[in-house]
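Residue numbers (the working numbering): -15 to 70. Note that CB positions come from ideal geometry on N, CA and C, so glycine has one too. The block underneath contains the structure these notes are about, expressed in structure tokens.
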Ligand SMILES: [Zn+2]
């Protein structure tokens, strides 16, 4: 019985050069991170499996890793304009 973390992964049964039968487990690919508003793919966001620090995984700005640059620009412009009206 494979360990619990491997039970959902795809299996490949291979025959090693020594004649031994080996099971290889395939890691599932992660979906790309998307913008919370327009659902477009975020740029500059780490997509791999290895562990990295948070600052090297995402873009260093307000809402980095959550909103795309276009949506953030729209929000900032709307807030500035609404402040000017008051
Ligand atoms: Zn967006």
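- In the structure shown, residue -3 falls within a strand segment according to DSSP collapsed to helix, strand and coil.
- At least one heavy atom of ligand 1 lies less than 7 Å from the C-beta of residue 21.
- Taking one beta carbon from each stretch, the stretch 42 to 50 and the stretch 2 to 13 have fewer than 3 pairs nearer than 8 Å; the two do not touch.
- Within the same chain, Cβ atoms closer than 7 Å to the Cβ of residue 31 are found at 14, 16, the five residues on either side in sequence being excluded.
- Looking at the DSSP output, residue 12 sits in no beta bridge, so it has no partner there.
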